[in-house]
Amino acid sequence: MSFVHCPAHQAKPAASDICLVIQGDRLLAVANTAANVQLPVYGDREAWREISSIPLHVGLLGARPLWLYTIESADALAPVGWEWHETRALLSAFTPAQMHAVSCARELNVWQSRNRFCGCCGTPTIDMPEERAKKCPACSSLYFPNISPAVIVAVTRGDQILLGHNRNFRPGMFSLLAGFIDPGETAEQAVTREVREEVGIEIGGLHYITSQPWPFPNSLMLGFRAHHVSGEVVVDGKEIEQAGWFTRETLPEIPRVGTVARLIIDGWLRE
Ligand SMILES: [Zn+2]
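Numbers given in our numbering equal positions in the sequence shown, counted from 1, plus 4.
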């Protein structure tokens, strides 16, 4: 099963259409096990009608249309039989297609909520009928969904990999170095700069691996591999509190399955 982003608007959901009901960072679902997430269908809507908004067509999950419902109130109670889940907590349990669908829906949700008014003149924006865009009726400015590109890199040295502990991580958790791309910068330049800034080393052999939408709130993670060229690890002490070289035998806690960091680390582990 795959997810296909689909900007075309449909008139009305059908009973078997899938619904992503989002409230802030939470998602309405039933997580039966750690590896199975059940999403509501439109036919279930009686269960959440009291708390629901106007649906937005997101795309196709498999052959079934997918709709986004946004709940404003953080106090909204989950209907009987359903639960609010922190979206991050479900990452390991989503199928890849569900992950793409949820990423798309969350990013559209952020775009909707942050572009209600024109940034140029302050007039309330209106939805364009045929494309994913909002328009200012006064000055004609257009607002498309925003993506913030970021880079993430696995730097290796012999049989070791460089991992860092960000001050926002839970204690003991280490991951690959990452950061946002600055205006006017290529992805490759951003990787080199981030590694230099965060741990003070120079890298070479930089090559692209894969990408992943990361809807917290609207990033696109571009994943790379590189190798150490020179310098000793000296953390910046701001974003990165600890960093060091780890072997396959001395790995600390690493990011969960479902993240691009884990995908790249697992690729290195298999070598
Ligand atoms: Zn305007």
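Virtual Cβ for every residue (Gly too), placed ideally from N, Cα, C. This structure is a prediction, so every number in the text was calculated from the model and none was measured.
Distances from the CB of cysteine 125 to the heavy atoms of ligand 1 include at least one below 6 Å.
If you keep only unbroken beta strand (DSSP E) runs of at least 3 residues inside the segment 57-126, you get 60-65, 68-74 and 87-90. A straight line joining the alpha-carbon of glycine 176 with that of serine 96 spans about 19 Å. A contact is defined here as three or more CB-CB pairs under 8 Å, and the segment 119-131 fails this definition with respect to the segment 87-106.
Under DSSP, alanine 19 takes part in no beta bridge, so it has no partner. At least one heavy atom of ligand 1 lies less than 6 Å from the C-beta of alanine 142. Using a cutoff of 6 Å, the CB of cysteine 122 counts as near ligand 1, since one of the ligand's heavy atoms is closer than that. Look at serine 145: its beta carbon is less than 6 Å from one of the heavy atoms in ligand 1. In the three-state reduction of the DSSP assignment, glutamate 201 falls in the helix class.
Excluding the 5 residues flanking it on each side, histidine 9 has same chain C-beta neighbours closer than 7 Å at Gly63 and Cys108, in chain order. Look at leucine 273 here: in three-state DSSP terms it is helix.
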